[in-house]
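Position 133 of the sequence shown, counted from 1, bears residue number 133 in the UniProt record's numbering, the numbering being contiguous throughout. So the structure is just underneath, and the comments pick up after that.
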Amino acid sequence: MRQIHFTAMAAIALVVASGCTSSKIDNTETTAIAPVAQDISAADLAAGKTQFREANYGLAETHFRKAVELNAGNAEAWMGLAASYDQLGRFDFADRAYDQLLKLTGRKARIVNNMGYSQLLRGNRKKAQALLLEARAGMADPAIVDANLALLNKS
Numbered sequence: 001m002r003q004i005h006f007t008a009m010a011a012i013a014l015v016v017a018s019g020c021t022s023s024k025i026d027n028t029e030t031t032a033i034a035p036v037a038q039d040i041s042a043a044d045l046a047a048g049k050t051q052f053r054e055a056n057y058g059l060a061e062t063h064f065r066k067a068v069e070l071n072a073g074n075a076e077a078w079m080g081l082a083a084s085y086d087q088l089g090r091f092d093f094a095d096r097a098y099d100q101l102l103k104l105t106g107r108k109a110r111i112v113n114n115m116g117y118s119q120l121l122r123g124n125r126k127k128a129q130a131l132l133l134e135a136r137a138g139m140a141d142p143a144i145v146d147a148n149l150a151l152l153n154k155s
């Protein structure tokens with residue numbers, strides 16, 4: 001009886017020990033779908049745009065800032081961040097955001113238009129006019145720039 005008990009215990013130990021080895025790794029390929037690359041800043045970008053449209057510039061700034069922290073290459077988030085800073089009167093931060101944006105995209109008419117509007121908000125009429133005229137020359141449809149120039153001429 002002892003012999004049978006000992007043999008049974010040895011067999012169980014052998015089965016347990018063989019289950020713990022890693023000598024037989026399963027190399028079977030799966031048919032799992034590869035993960036889709038997702039812009040993790042997209043939700044904050046969307047929230048920033050919503051808050052900006054609703055004139056909640058502080059909340060917009062928070063979301064745009066988070067978006068650029070999550071994805072420093074997101075030019076649209078940098079543009080929103082700069083515009084939010086302009087609306088909050090934080091022109092020092094707006095200038096930094098515009099600088100980053102220019103590094104990412106180059107000197108595009110849409111960006112130059114926003115920079116001109118920023119100067120208009122600051123009361124820098126000459127600088128605003130120069131930037132807005134530069135933007136106007138580079139836009140296919142200068143309606144937005146023309147509206148900013150009209151604001152400049154009113155003030």
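Even for Gly, the Cβ is constructed at its ideal location relative to N, Cα and C.
- Assignment of G89 by DSSP, reduced to helix, strand and coil, places it in the coil class.
- Rounded to the nearest whole angstrom, the C-alpha separation of F93 and N56 is 17 Å.
- Ranked by how close their Cα comes to the Cα of S41, the residues T62, E54, F52 and L149 have T62 in first place.
- Around the CB of S155, fewer than 16 other CB atoms lie within 10 Å, so the residue is classed as exposed.
- Counting along the chain, K108 sits inside no alpha helix (DSSP H), nor does DSSP assign it H or E at all.
- For D44, the uninterrupted alpha helix (DSSP H) run begins and ends at A42 to R53, by DSSP.
- Shown here for Y98: same chain residues with a beta carbon closer than 6 Å to its own, the five before and five after excluded, namely A82 and M115 in chain order.
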